[in-house]
Amino acid sequence: MVSEKPHLGSQREPMEDDPDPDTRPLSMTTRRGPRSLPPIPSASRTGFAEFSMRERMREKLQAARSKAESALLQETPTPRPRRLQSPSKKELETEFGTEPGREVQRTQQEDDSQSYSRVKFRDSVRKIRSKPPVPPGFPSAEEAYNFFTFNFDPEPEESAEKPKARNRDGTNQEEEEGEEEEPPVQEGVNKMDEEELLNDKDAEDFLLGLDHAAGDLVAVGPADYKGVHARLQEKEILFVPSRLTVPAYKKLPENVQPRYLEDEGLYIGARPEVPRLTQNTVENRLLVQDPGRKWFGDDGRILALPNPTKPFPSRPPVLAQERDMKVELETLYKKAVRYVHRSKHMIGSGDSPGNFQLDIDISGLIFTHHPCFSREHVLAAKLAQLYDQYLARRQRSKATFLTDKLQALRNAVQTGLDPAKTHITQKAIKEYKSEIRQTRKLRDAEQEKDRILLKTIIKVWKEMKSLREFQRFTNTPLKLVLRKEKVDQKADEEAYEAEIQAEISELLEEHLEEYEQKMEEYRTAYQQWKAWKKAQRAKKKKKKQAVEEHLDEEAEEPYLGEDPVKPVPPEPTDRTAVEQQVRERAAQGRKKPGEPTLVPELSLAGSVTPNDQCPRAEVLRREDVKRRSVYVKVIFNEKEVSRTNSRPLGADFRVHFGQIFNLQIVNWPESLTLQVYETVGHSGTTLLAEVFLPVPETTTLTGRAPIEEVEFSSNQHVTLDHEGVGSGVPFSFEADGSNQLVLMTSGKVSNSVAWAVGENGIPLIPPLSQQNLGFRSALKRADAISSIGTSGLTDMKKLAKWAAESKLDPNDPNNAPLMQLISVATSGESYVPDFFRLEQLQQEFNFVSDEELNRSKRFRLLHLRSQEVPEFRNYKQIPAYDREIMEKVFQDYEKRLRDRNVIETKDHIDTHRAIVAKYLQQVRESVVNRFLIAKHHFLLTDLIVEEEVPNISSEGSGILGLSLFKLAEQKRPLRPRRKGRKKVTAQNLSDGDIKLLVNIIRAYDIPVRKPAASKFQQPSRSSRTFSEKHAASPATHSPSPSADYPVGQVLVRPFVEVSFQRTICHTTTAEGPNPSWNEELELPFRAPHGDYSTTSLQSVKDDVFINIFDEVLYDVLEDDRERGSGIHTRIERHWLGCVKIPFSTIYFQARIDGTFKIDIPPVLLGYSKERNVITERGFDSVRSLSEGSYITLFITIEPQLVPGESVREKFDSQEDEKLLQATEKFQAECALKFPNRQCLTTVIDITGKTVFVTRYLKPLNPAQELLNACPNNPQATAELLARYVSLIPFLPDTVSFAGICDLWSTSDQFLDLLAGDEEEHAVLLCNYFLSLGKKAWLVMGNAIPEGQTAYVLTREQSHYLIWNPCSGHFYGQFDTFCPLKSVGCLIGPDNIWFNIQRYDSPLRINFDVTKPKLWKSFFSRSLPYPGLSSVQPEELIYQRTDKAAAAELQDRIEKILKEKIMDWRPRHLTRWNRYCTSTLRHFLPLLENSQGNVEDDHRAELLKQLGDYRFSGFPLHMPYSELKPLIEAVYSTGVHNIDVPNVEFALAVYIHPYPKNVLSVWIYVASLIRNR
Amino acid sequence: MAAAGPSVFLLMVNGQVESAQFPEYDDLYCKYCFVYGQDWAPTAGLEEGISQITSKSQDVRQALVWNFPIDVTFKSTNPYGWPQIVLSVYGPDVFGNDVVRGYGAVHVPFSPGRHKRTIPMFVPESASTLQKFTSWFMGRRPEYTDPKVVAQGEGREVTRVRSQGFVTLLFNVVTKDMRKLGYDTGPLDTQVALGPSPSQGLPG
């Protein structure tokens, strides 16, 4: 097969490689230096690809490959039979079918042909010689050639051999072989070498081989002459095996068909390359010497092992041979390589860590369209594109290939039809035929395409020419030359005719087949029809007989079955019609016989008209082009890493960069993008387009990477005022503007991306494992995938598809792992994990399975502890054995886990709150988890105590000098200042170490007993107060039991009881409404779970209740006579009011010092706050007549605990970075001036994001219901709103989110959660006020007892009001008892004002924020308010609370409370007065409506109704959150403590529902004692 | 209980803080304390102690000798959180302020026997040069909030320290029931000779 090559070549030569001077320049221009740009604005990839050296190599490789492929193709079963036949007849047709005249010539001019072949040989040698340089010291190719050819050409021998040659068949091939056989063996070998290598077309190899041979032969002396006889004799002695191809039948046993294992699906390795002739010789020799056939395989070929040689050298090339060997043995100094830490965290730590390098070579840029294109440019671009297409097509020459294939197939069919050698089955022939059909169709299509392309090229060129003529100047140097190639008219015609005939005959055959098939169908159909007809007829006959009997049936019968149509016999095909058809098609798609072949050639030979000869518009255009420059940015993983230099745009719209960027990378690249920017003059740059480059495959290394062209286009619209056609703008070539075209700027970037190769030849590629993460575990990494190293292998389906398409030999052992992988993948059992495992080796290191670990209680306990699960965080001494661990250890934890999703209604009673509580719990858990993580981040200050940097500029104790003064300070100053106590870190504390110190100092305005009760309280013994006989105060209190309390009578004997964590302490009893106790109470503190860490302390929810009671002594003595001998009194405590302080407040404040308003129930039966003029002394007159009672307290914790600091985690934010910076600056400035004043700019929302605080303020609608309550009284409405807000339960953030600073929820979240702290209340109230049209601000400041808190400030007509959002109370600015003690800043919906006045007490400051001297505003002229959108919802939606549910809840609470009271009185009988209860129940709604201002009527009525009873009781009012606080509150009143035997109780609960499930709970609890 | 096998093991440590080398300083005293995990509890002895002030020896060694005794016994169920001794050394500076001269920590040796440990001491560095000066001047050098942090790894990345000297410690370690609980900490040569096979005592 190989030996046929030169002939094919020789036939094609005039067509393809014609050394025509016209074509040369083209190929010269297209092949330039590696980095240069092509001269033509070519479009196709191949056109460009030709330019680099690398490219050429690649092409060559490809060519060789395609050649090998075609050789393989010819070896495939289709043409094989040909070789097995005697080739004589067929070869004639195949080889010379196209030039039949040659055969004739050949026989006539034998000598001519001889010389012709020789000349050709010489020609080819010359051609080869011109290419490679000849190494010095060797004879040149010319010499070598002469040397051989001179020996080769002895005349007489040729003449002697001539007849022999003539006897052989007429094929060129055989002829040549014949010739070559003649020379003496020795020379023949050389000749054969030459010949063969020539055949191989591998020029370099040829020359090398030749040179070697020549070198060897130079030493041989002159050939001595031998006589012809001697030679003949010698010939007899010597055995010279024939070089003819051995027919297959000789090599195979008799009557055995050759068997092709490859066809049967067995793997046959690639056989080693053995020259055909050698093979033939060996075969001949074997046949003669060893008649057995053991050397031949089943396929009739010599047995051979697969080729063991590798296609690449396994030894690295030694570059310089002169090098001393020692140099290579010397050790080299290498710089230490820094260990890359990160690789530790990457998977596949086994891979060598290091930096990897990606080389991006941006060689240039070509615009296929540019706004500055002139019309001519547009055409030129089109032409170049078409020409490139043409070149590509020609290179592929598909039509020729298909023609050849067709020819081969036809031959095969013909041999198959030959009855003499019917080893080809009928089926195979059929297949051939169908293939012939296919191929023909393909060929026709290809030919047609070729022609159309050619036509288009010519058309475009004509257009261009006319355009140039029209505009009278030339812009582009493009020039198209059409070269005609003469064709032998006659031969061509014959070939044409033969082709048509062949086609016709084939078509006819086809038609015939079809016809026969149809005929067959027709026949069967006809038979059927006939049978049916017969049956029909028979039926009809029957009918006629039966027609008399069944008249009515007859009508229906004939329509039973449908009439089968009589089949029509098919038409036989008409030969002439077919011929007509074929000829028509041929005329259309093929060139006419004798028509010269047109070869277009595009060159840049044309000249461009110089500027001065161009019209103005064109000159403008050219200048505009000159002003433009282009550069390219390299974007790696969405980051710009480098950019090219800015290069001017050439007149030919190409930019040459030629820059290589070496990207040092660590990880596998995610994206590679090039951005093309254009600069026009000095104006700005525009981004033209983005080009996305594929990440190169791991096999693409620097030096081997092809230059690729990536197209880009931009959608920008550009209109220019000169000749340029613009971009995205329609334009036309026609004068009338028809036929409009719209072109967009587009172009191509030629670039190559490759992996760099390190110094030691190792490619600097990130490890494969990085790309296909978790593809296999590290131990299994040596699989087929990584060894192939192609990207995109993670997709197994793609891989399988690729394997199927590339026809991977499944039997090749090299492919075995891959095939296995694919088979696994396609069978669906593939193991492609969809997870990523950080520690791939973890599994290998596990010594027991996870289940086993979980089963072990001990390990589980250890695990949970290390996870810091709250239940186990402080678990000490985990037992060493499982058996010692009680099952119940986990019970709580498991229960909690189980209950996480179960909503428990037991504790909450109403479901909504239960859901909210659950939700809050979950949010809390997640926040706590975050906090736990954050806790492990340390700052320097957490670990190291160090003096601050002394601050010289600011006041305070920081000044170095002052500190120096301190050294000289007196040790014991006369006026000592309070020193801070030593703070105790919480970790080393245990139960009992912490005490709560409550210092009760005094109280004001305690309600006094009301003498009015005397109306019913008859002067009896029992109502006498004990104090009458009290020894301590006999003088001050008159012991008169008369109806009217005289002057100086004890009005009240209050004492204070502090209860905390169910521990109760109380003071001694003082007297009068303004008692002074000055007592210190000490209460122990227990942390939950015994955990004294700051987190757990912060989340203590307990409250400190400070209850004020009136001690009433009753004489229980029944008999006056005993009075002298004994005292029988009963002490009763009447609850007057309470102050409730959450522990968290104390914890964070460290100490609480101040006067608090006592929470006194709205109705205190038997007490009044009416002032007794006489008791008042001068002190009271200066005080404003306040409504409440007050108590002065000092509370602290001993030892002082360090409150946990809020997490310093910087929360992410969606705010503008500038704004955030401004806030920081603002805060820093404020803190510098007034470090103690709270300045708030950003807060953290519930998702943990930083939000600018003004975003929370926005007018929000209150519930309509509330607005409708008192439409005419805005003040009442405001109060009602404040009340509504205050009814939302208070839950400090520190409790819900331990340790985390404030989280601000928006108002809707707040209303949904129904819990929040001051900020949420204040924000909601402020928003309501804003929606009412009031001027309202959020006040951030300090209040007692809350500490830092948020209040609401409103501006009424002339004065300001301060609202406490948590209690609903409001105060005037100058109210002394306003709990707000200092003001830090005001926050409005659009600004923040920081208080820079000298004082911060609301009494002493001016609230006019417009004065910049008093208030420093955040947004000012320098930083205007950017119009921040609100985080609040558009409006709040209120659902009406279900009244029925509220009523139900009310009943349940009542029941539970009654049960509780009974529980608290375990030793006494608890009787319930149902009459009283129902009375009370009626009063509670009244209280709600009037907000507790019905005292007098109520009292009167109660007294009327319950005249017989001594009644003490009061309503409690609370917002409803859950049951526990209600119980606590009732408990703290101590109503149940009465142990008078005949006491009766009354308890009524009323729940008033407000919108959004806000519930106001009233509990009226009373004790009754029947008067006797 | 004895039949069922012990549920805790005991670690008895006695020894002494022998001496120190602080080439630049004199008149130092040291504090020691133990840091141990949650499963550990001291049963006897002193967990922390503060030594006398010692002066440099007058010979060439210039050693600061304390010979301050340590004696403590722990019980535990779990070797996790094995006790560490944390040492902090203090001494007067030129102005007479007591400043810290070094922190150091070392695990109590886990194999029974006599062990000598020399531990390097270090102090935290000031955050800036100015602070360094003022701290020197004011006698308020940077200190760890709690000397125990030197026994843990967490948070140490934020600190910078400077090495100061060495302290030599002597431990005599006795363990009880460790082998019965399946922990074999003895030296290599005694492993075979001692005790029954630990397999039945394996926890879990």
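Just so you know, the protein sequences line up as chains A and B, in that order.
Take 1 as the starting number for the first sequence in the UniProt record's numbering and just add one per residue.
Take 1 as the starting number for the second sequence in the UniProt record's numbering and just add one per residue.
All C-beta atoms in this analysis are idealised placements derived from N, C-alpha and C, irrespective of residue type, glycine included.
- For residue 1133 (chain A), the closest Cβ of chain B is not nearer than 8 Å.
- Residues of the segment 133-158 of chain B whose Cβ lies closer than 7 Å to any Cβ of chain A, in chain order: 134, 135, 138, 140, 142, 143, 144, 145, 149, 154, 155 and 158.
- Residue range 1318-1331 is occupied by the alpha helix (DSSP H) that includes residue 1328 (chain A), with no beta strand (DSSP E) assigned at that position.
- Where residue 1476 (chain A) is concerned, the enclosing alpha helix (DSSP H) starts and stops at 1474-1490.
- Among the residues facing chain A, residue 105 (chain B) is not included, as its CB has no counterpart in that chain under 8 Å away.
- A direct Cα-Cα distance of roughly 26 Å separates residue 124 (chain B) from residue 116 (chain B).
- Within the segment 864-887 of chain A, 865, 874, 875, 876, 877, 878, 879, 880, 881, 882 and 884 place their CB atoms closer than 8 Å to a CB of chain B, listed in sequence order.
- Contact between residue 30 (chain B) and residue 89 (chain B) holds: CB atoms are separated by about 5 Å, below the 8 Å threshold.
- Residue 695 (chain A) and residue 636 (chain A) have their C-alpha atoms some 10 Å from each other.
- Counted as a single uninterrupted DSSP element, the alpha helix (DSSP H) harbouring residue 1230 (chain A) occupies residues 1217-1233.
- Within the DSSP secondary-structure output, residue 33 (chain B) pairs in a beta bridge with B:48 and B:86.
- For residue 754 (chain A), the uninterrupted beta strand (DSSP E) segment begins and ends at 746-755.
- Closest in alpha carbon position to residue 297 (chain A), among A:271, A:661 and A:922, is A:271.
- The shortest CA-to-CA distance from residue 941 (chain A) to any of B:145, B:61 and B:157 is the one to B:145.
- With fewer than three CB-CB distances shorter than 8 Å, the segment 1363-1377 of chain A does not count as touching the segment 1390-1399 of chain A.
- Residue 1191 (chain A) sits away from residue 1147 (chain A), with the two beta carbons spaced by 8 Å or more.
- Residue 357 (chain A) places its beta carbon 8 Å or farther from that of residue 668 (chain A).
- Here residue 624 (chain A) is near residue 722 (chain A), since their CB atoms are less than 8 Å apart.
- Put simply, the backbone Cα of residue 436 (chain A) is about 16 Å away from that of residue 514 (chain A).
- Within its own chain, no residue has a Cβ closer than 6 Å to the Cβ of residue 397 (chain A) once the five positions on either side in sequence are excluded.
- A:650 is the residue among A:650, A:1250, A:1456 and A:497 whose C-alpha sits nearest the C-alpha of residue 626 (chain A).
- Contacts with chain B at 8 Å (Cβ-Cβ) include residue 940 (chain A).
- The beta carbons of residue 1108 (chain A) and residue 1195 (chain A) sit about 15 Å from each other, so the pair does not count as a contact at 8 Å.
- Looking at the backbone, the Cα of residue 498 (chain A) and that of residue 491 (chain A) are separated by about 10 Å.
- Three or more Cβ pairs closer than 8 Å define a contact, and the segment 1428-1438 of chain A meets that threshold against the segment 1246-1255 of chain A.
- Not a single C-beta of chain B is nearer than 8 Å to the C-beta of residue 1201 (chain A).
- Within the DSSP bridge table, the entry for residue 658 (chain A) names no partner.
- What residue 181 (chain B) touches in chain A, judged by beta-carbon distance under 9 Å, is 880 and 881, going in chain order.
- Residue 1135 (chain A) places its beta carbon 8 Å or farther from that of residue 890 (chain A).
- For residue 1338 (chain A), the uninterrupted beta strand (DSSP E) run begins and ends at 1335-1343, by DSSP.
- Scanning its chain for C-beta atoms nearer than 7 Å, with the 5 sequence neighbours on each side dropped, one finds around residue 286 (chain A) the residues 295, in chain order.
- The segment 150-163 of chain B makes contact with the segment 96-105 of chain B, as at least three CB pairs between them are under 8 Å.
- Residue 88 (chain B) is outside the set of residues whose beta carbon lies under 8 Å from a beta carbon in chain A.
- Residue 1126 (chain A) is positioned such that its CB atom lies no closer than 8 Å to that of residue 1158 (chain A).
- Taking C-beta atoms as the reference points, residue 1291 (chain A) and residue 1315 (chain A) count as a pair closer than 8 Å.
- Per DSSP, the beta-bridge partners of residue 713 (chain A) are A:746.
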